[in-house]
Structures are given as structure tokens and as C-alpha cells.
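Since the structure comes first, as C-alpha cells, the remarks are kept for the end.
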Amino acid sequence: MGRCTLVLLLCTALVGLLPCGYTWREYRIRRSIDLSSTNQLILDVRLPTDLVPVSYSLYLHPDLHRATFTGSVNITMLCTKRTNQITLHAHHDLRVDEVNLAVVPLPAPRGEPDAAVPAPSPLRIRRVDRVPKKPLLVIYFHDDLVVGTSYEVRLHFNGNIWENTEGIFEGKYRQRAPKPTVDGDTTKHDGDASDDDDDTLSSEHKYVGTYFRPHNARRVFPCFDEPAYKVPFQVAIVRPKTHHVLFNTELLRTEELAPGSGSPHDVIDVFERTPPMRLPGSNVTSPVVVAGLKQVRIWARSDFHANVAQVGERVRLILGKLEAYWGVALPLDKLDIVALPGFSYVKPADNWGLIVFKESELQQGYYSLAQELIYQWLGSWITPHWWSDAHVNKAIAGFLSADTAIQIDGAPEFEGKWPMTILYSIYYEFSKRYPHSRITAMKQETTCSKTELVLRMLNFTLGGDTFRQGLQKFIQHREYRTFYGDDVWEALTKQAHLDGRLCESVTVNEIVDSWITKDRIPMVRVVRAYEKGTATVTQRLYLRERPHDVPEQDKMLWWIPLVIVTQDTLDFTNTSATKWMKQVREVELDEMPAADQFIIVNPEEIGPFPVNYDERNWNMLAAYLQTEAGRHRIPPYTRAKLLHDAWNLAYAGDLNFATAFNMTLFMLHERNHLVWNPVFTLIDHIGRHIDMSAVHKKFETYVRTLLTPLYEELVGASQSTEHEESWETNLRSLAKSFLCRAGYKPCIEEAQRAFRKWMESADPEMGNPVANQYICPVFKWGTREEWEFGLQRVINFPEGRVKSERTYLLKTLAGCPSQPSKIERLLTITVLENNGNFTDNDISLIFKMLSGGSTGYTTLFNFLKNNWDTIKLRFNDRESLWDNMINSATGLFTTQEGYDLVSRLYVQHQGEFGTAEHIIEKSLKNIKEETKWSDENLPVIEQWLDTFLATNGVANQKFYG
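Numbering (mature numbering (1 follows the signal peptide of the UniProt record, and there is no 0)), first residue to last: -23 to -1, 1 to 938.
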């Protein structure tokens, strides 16, 4: 469509922070591309390049009562190649008047108007086609268009206004009506009224808007709906006189409708021409001068004003930081920010000069606001040339918005987790045998996240000043143009060479390509030669999942910066690379510290890769972290990294588990939530893997020993202070949850007391008064009576209650018990007795939950084995259920004992598995691989746990089991 998007909102009484009601339409110069929606567009059919748009004149007339719209568009375009057709995007839902369309050649510009020159005649059209299964409108002519000539295509169209957020959509919200006071004035009501169900105090209002990202403009009018085209728009919008319109640009004038062209209660708003865009591949340019931002306006319904009172100040702070960073003022003369009630899209609509947020998002800190404001520079002002460059655009915005938020107030909204949250997810996803499970949308998001981490790595290793000046070079002279991803890396390369931060033979492009073109990350191993004062560093593909049989993994190499901190200096401020691994398998490091001092490679997670060491270096780190002074000399991010790397490398089979467990000993005294955050995931991963073995009970005791001091200290702290940070609340909740799972007696007893109130209530079907956190501990460690009470609540669940409550109960009934008898009872009712209160979806959910622990899947396996004929008959025509049961019952064993069980079942019923034949065969292969892991690691884990438990003496602690 020419990099634009039109968002129009028409509302009946949405009162803004400015003293006016508003209805709004917003036309936007299309911005950054939402990766979750564009994965299919990377392979989208490109429009022919024989015509390029020069400008649009768009007229829209929405009918709020009929939920329809009509409109017209005149598109000026330049012919650059010989052709006899014009191809435009037009969605199948858009009805285009194919009879009353015209294409007119435009005369070449002259010095003086010549009244004698007749108006050009429309071209002779041969036919107009709508391409089947493609959102294309093609106009064919009898004669070829003339190269170098401009043409104007004039089209009329109409369509529907939808409830979903695509194209033109409608929404509604409720708002408290002002209460009259004694003297007749009105009183404003602050606060969020969205939960007010009293119809006498609230009224319903509607609005209409447009959402064109990333490819929905074609739903509203025929256009060149591709990101490479950046052209100006002249827009006119019809509205009722009682309404208000917001648009990307300011209102130019309001006109009366021509007689007979609409309701006498309607008028036309004509808006200032949007900023002109330079057209790639043509010589058509339209320079523009922007005076700078004059005003920022915040819009919200009147009873939401208090919730957005600080938004204006936050915007000013962010804009100050961003303008200093880019070295360019925001290229706008106005900016409207809207808290839109009922806006359902997952992301804000960050349009040129008009940003639309969910109400809840606009109440949050600085990050989301900063991200949308960055898109005004990078996305609207300059734009990715095609969808495949979108990840660079989004990654830069993500990195800079986090950096900006942290600079302003430390970003408490992150709770210190950025970038660790996305980093850990990248570690887990890219270390799978099959990343993304071949889900393209997920691949787009993880590629973007990895690119963001690579930008962070470059910011560290090239230096913050060089990185910022490189981005400034990139954005200079590109106003209203498009860019390719390589343009960013070339600008950074030039600045890095100029500042001497990168040798002349190396480019940032090479470095970045080695990271973002592979759905993988590397692992670095450092083996020190202590007597020589050197170290050998090698890199290879990082894999956690077994077997490690990824094709061509030996050919995968990265550009890796080796940033090193030594014990004798512990300087974490110098983030320059000591040496780069230039896509080579191995390098040597000299000038290592003394043999009794450790080194840390990649501190603060500068690059997105784990690091392994020789055992001696690991043990020196473990010992140092157990000292009070030493622990505090290593920053929290680095402490978290060392712990996270050690456990994940052990899980992957690259590190002895005894060494990994040694790295957890300092956690007995660690209280920083950043260091604790990854621990719970690691406990869960290891716990699930060893769940079937006799070692598991010892592991649970270890977990309880590790978490009890932390939890009891957090409980004491919460009782002595009125207010606590959200991270403290979250950390205490996590510690409590894991302690409950591990059988911490005070926790179980608290849960049972809360559950007893529900059991003793007069009408337990009316609702669940028990917090969700209590239900699983009761079903796991509680009595059969308590579990049966929960089962009856599922069976007798009333129709009128929220279905998600029943789903949660069913999940916990199946997934939490540690006693096989409870699970057998549930399976008997649902599978053998075919109880009508349970649907096939319920049974599938039960199977899924039983796969979460050895009690569940072992009981399910025995149930299948003992009732084979009956179950086979029950699921004879329910293949999906049968497949799910075989998968959950056979796929999770990790020991030789489990392999033998599944193998005997397979032999006994060979040829009877039907659609699940390949499932059990795959299960046997996976169990064999996991059995090797168990044989190698379980004895090591058990020996370490025996020593730990004997040293720490746990006999007198308060635990179940």
C-alpha cells in the first residue's frame, strides 16, 4: 500500500484527557512489522515492479449503524517498465466496483498551465480480474502503458466493518455516567470502570478503528500493500457531527457533505497530507521539512484519566532519551497516544503520530512506551524494505527500549530479568534437536530475540559510544526511505573501523550473519594448561536434547567474542573482547592468571552462549562463591550465569553432575532473586528426569534443604514490613510452591486448612474459595477424602460457573497425586466406566497431565497393560485418544527398567497398536537414549546427594515423605 496504515476510530462518547469526546480514525505510515503475523508474508507473492505508487488520495465513509463502509481511492503511479496491466492488492472481502473504475494518464509537468490542452482520456480497459485464492486485483489494457508516464487509477469500493482487529473494526466499552451534584455540576469519577457491572452507573459506547499491520490495508482499499513503497496520502473521512476523528496528521479543515451524498448529520474531515516518502528505484522525490514535535496528547475515557495521569511525563522523559540517542528529533509535529478500551490486539498499534494501546499496557512502566516511540523513528520514518528484514527492526526497538527504560528508572517492571528471560528461552529452544518444532511463527520470534541479544553483545564489545554512533550513521540521510538488514551492520562496521574497535579486515555483517542465519547457539569450552599459563578454547554446537545427532553440526561455527575476567582483578566493567573466535574451531589464550585463581569467560552473559571449564576451574569458582566476600564481588547476572551454565551443561552430558551440584552450594546463602530465578526451572528439569529412580526422594530432600532457609527468611521479612518489592513476593511464592511439591510440612498443613473450609461449606458447588496454590499440595500429599472431594466437584460442576475453574481442578486431580490409587480411580471413571461427565478433551487433558511425573505415567502404563482389551475397544473409533494414551503411557521412561516394561508391552501386542505403532517405536528409541543418560549420571547424583545430606543433617526437618 505504500508504507502506510490507516487507523480510524469513530466513537460515540469516548472522552479524552483533552476536553472533547472522540471518535477516531487514524491513518498511519505503516511502521515496524509484527513478526507473529508476517511469517507467511516473507514468501508472499510480490507485486510486479513495472509500476510504483507516487501518492494516494483516499476517501472513507463508514456507516456505524450498518457496520459497513464505502470509499474511493485515487492512486498516482509511475510506469517504470513496459506493461499492459496494473496489479493491486485487494482482499477477497473487499468489494471493488469493476465497472466504474478509470485509469487516466497524467500530463507531464509544464512551466505554465495551458488552458488549451484538453483533459486526457481514460485508457481503454480490456478486462478486470480478481485472482482466485490471491488477494489481487488486475486491470488489463488494450494498449501498453508508456514508460516514464504517470497514471492515476480511480477506484470505488465497499466492505464490512468487522469485530476482529483486522482492516476496519468496531469495538465497544462501558463508562460510568457522571453523577449530578446538588448545584447541578458534574463530578468526574477516576479509576478503572471496566469491572463496574452496574448498568445504572455505566453506559455503552462504540468506536470504529482501522488496524492495517502488517497486511490488512488491502482489506479496506485497493493498494500496493508492501513495505517497500513509502508514499504520501491525502485522506478525507466522513463522520457524524457528534463524533471526533483522530488521524496520523492534524485536521486541515472540515467540510459539509455534498447534497444527496449522505446524512445531513455527517461532515467530512480533511487531514493534512502525510509526510512524503522517497520511492525506492525511481527518481520521484518529495523533500519535506519537519519543524519538530509541538504537542503530545493523551486520550482515554473520562473515568480512566487517573490511570494515565503520568503517561505524558513518561513520554517526555523517553523522548528526551531517544532524541539524544538517535541524534535526531522526533520527525513529527504532533503525537496522540490513546488508551483504547476493549482493544483486543496483542500488541499496541504504533502508527505514525498516533499510538493505540490497550488500557492495561498504558498503565505499565517505561518499556512498552519506549518501544512504540522508537518505532516512530525506526519503522515509520525509515522502514524495513521487506518482511524478511523485520526482525532487525524489531530487535533494535527491543534492545533500545529496554536500555532506555533501565536508564530512566532502573526498569523495576523487568524485576531485573532483562535480558535473562529471553536469553534462557533461547538457550532451551536452540538446544533442541528440532528447534521451534517446525513452527514458523515461533521461529520468527526467536530469531528476533536472538538478534536482540546479538545487538546487546555488539553494544558491549564495540563499546556503547561506537554502537550508538553507528546507529546514528545508519539513520542519517534515510528519512522516509526503506532499509535492508545489512544497512544496519554496514553502518556499525564503518563506525567500529573509525573508532578502532574492529580491525579493518572484519565486518559486523560477518559477525552477525554467523549468529542469525543459524537456528542454533554455540557452546564454548575452556581448558586451562595451569603450568603454562595458557588456555585452549573450543566451540561447538550446544545441544541439551539427546541424541546429539544434528546433521552437519561439525560445520557450524560462530564469531564469538571472548571477554575474560580473572580472579586477581575481577573487573566486570571492561567488556572488550580479549580475542575473537573468527569462525574457527579452536584458539589459544595466553597470560592466564596463577594456577590457584579462576577465570570467568563471557561474564554478564555478554554473548548468548554457555561456557564450560575444566573441573579445576569450576571447583575454584564453587569454593569462591561459598565465601561471603567472594560471592558479593561477582555480580548477580554472572552468578546466575555460572549456576545456569553448570546445571544445563551437566543435563546435556557435557559436565560431571558432581561439579554442577557443587556450584549450587552457595545458594544456601544466596538471597538475590536474579540468581534464584533460573534455579526453579533447573530443579524442575532435573527432578522430572530422575523422577522414576530411587534417587528422586533424596533429590527432593536436597531441594527442601536448599529452599527452606530462603523461604523462612522471606516469610519473616514480609511480616516485618508493610510493603515489599514484587520480586520478593514472586520469589517467596516460587519457593513455597517448590517446597510444597517437595513435601514441606508447614506448607501442606496450611493448604489442608484452607481446603477444609471448602469441604465444610454449606454449598461447595457455588464456588471455589481455595486459592489455586493450595490445591495441588492437597491433592499430592493430602488424604483420599480430600482428593475425592475435588473429583466430585468436577463431576458435579454447575453449568453457570467459569469453565476454567473446572479445567484447573481436573489438571490438578490428574497431575498432582503421588499415590497411584488416586490416579487409577480417575482413569477407571473416565476410561473404563466411560462416565458422561468427562469429554474426550477431558480425557486427553488427563493423559497429558499424567505425563508430567513418574507416578502418573507409570500408573497410566500399568492401567493400559492391565486393561488392554477393554481400552482398545473403548478407543476403537477415537484414534486421537488412543494415540495420546500410548504417547503419555510409554514415552517418558528414562531407565532400563522402564525400557524393559515398554519393550515387553510392544512385543506382547505387536501389530495391535494401529495408528500408534510409530509412537511406541519412537518411545523405545528415546527411552534407550535416556537410559544411557541415567546409567551415567544417576550414580554420580546419588553419591553427591548422600554426601550433601550427611553433611547438612536433615533428619529433624519438617517434611512429608
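For every residue, glycine included, the Cβ atom is placed at its ideal position computed from N, Cα and C.
- In this structure the region 507 to 526 touches the region 561 to 573; the number of beta carbon pairs closer than 8 Å is three or more.
- If you compare the alpha carbons of E467, Y457 and K788 with that of Q446, the shortest gap goes to E467.
- Below 8 Å, too few C-beta pairs join the region 361 to 369 and the region 282 to 290 to call them touching: fewer than three.
- A distance below 6 Å between beta-carbons, with the five flanking residues on each side excluded, links E919 to the following residues of its chain, in chain order: V672.
- When C-alpha distances from N589 are compared across A283, V561 and L626, the shortest belongs to L626.
- L645 has its alpha-carbon roughly 7 Å from the corresponding atom of P686.
- If you look at K559, you'll find it in the beta strand (DSSP E) that goes K556 to K559.
- If you look at Y507, you'll find it isn't in any beta strand (DSSP E); DSSP assigns it neither H nor E.
- Taken in chain order, the complete alpha helix (DSSP H) segments of 4 or more residues contained in the region 459 to 494 are 462 to 475 and 485 to 493.
- For D877, the enclosing alpha helix (DSSP H) begins and ends at Q873 to Q885.
- Around the beta carbon of N773, fewer than 16 other beta carbons lie within 10 angstroms, which makes this residue exposed.
- In the three-state reduction of the DSSP assignment, A96 falls in the coil class, being assigned neither a helical nor a strand state.
- Cβ-Cβ separation between K371 and D496: approximately 17 Å, too far for a contact (criterion under 8 Å).
- In this structure, the CA atom of K825 is about 14 Å from the CA atom of T816.
- Proximity to V808 across E702, D846 and A44 peaks at D846, based on C-alpha coordinates.
- The closest CA to that of Q449, considering only I383, I359, K394 and R104, is found on I359.
- No residue range can be given for H221, since it is assigned to no alpha helix (DSSP H) and is classified by DSSP as neither H nor E.
- Taking each of S781, L37, V115 and K218 in turn and checking the Cα distance to H133, the smallest one comes out for L37.
- According to DSSP, F118 shares a beta bridge with I102.
- Under the DSSP definition of a beta bridge, F838 lacks any partner.
- Only residues of its own chain outside the window of five on either side were considered, and among them T511, A512, T513 and V514 have a CB closer than 8 Å to the CB of E565, listed in chain order.
- With respect to the 8 Å criterion, D591 and V504 are classified as neighbours on the basis of their beta carbons.
- Taking 4 residues as the shortest admissible run, the region 550 to 617 contains the following complete alpha helix (DSSP H) segments, listed from N- to C-terminal end: 592 to 602 and 605 to 610.
- Taking C-beta atoms under 8 Å as the contact rule, V879 and I896 fail to qualify, at a distance of about 11 Å.
- As computed with DSSP, K183 is found in a beta bridge with K149.
- Rounded to the nearest whole angstrom, the CA to CA distance from K899 to L869 is 11 Å.
- The beta carbon of A554 lies closer than 7 Å to those of T438, P538, L539 and V540 in the same chain, with the five residues before and after it left out.
- Ranked by Cα distance from S345, the options P308, I295, T871 and V31 are led by I295.
- Annotation for W329: no beta strand (DSSP E) segment contains it, and DSSP assigns it neither H nor E.
- Following the DSSP letters along the chain, one finds R131 inside the beta strand (DSSP E) bounded by residues S127 to N137.
- Between L312 and G330 a beta carbon distance of about 6 Å is seen, short of the 8 Å cut, so the two are scored as contacting.
- Every unbroken stretch of the alpha helix (DSSP H) spanning 4 or more residues and falling wholly within the region 338 to 389 is given here in chain order: 344 to 354 and 367 to 386.
- In this chain, the beta strand (DSSP E) harbouring K311 covers K311 to L317.
- Straight-line spacing of the CA atoms in H68 and P199 works out to 8 Å.
- As far as DSSP is concerned, C425 takes part in no beta bridge.
- Taking every protein chain shown into account, the CB of N141 has fewer than 16 other CB atoms within 10 angstroms, so this residue is exposed.
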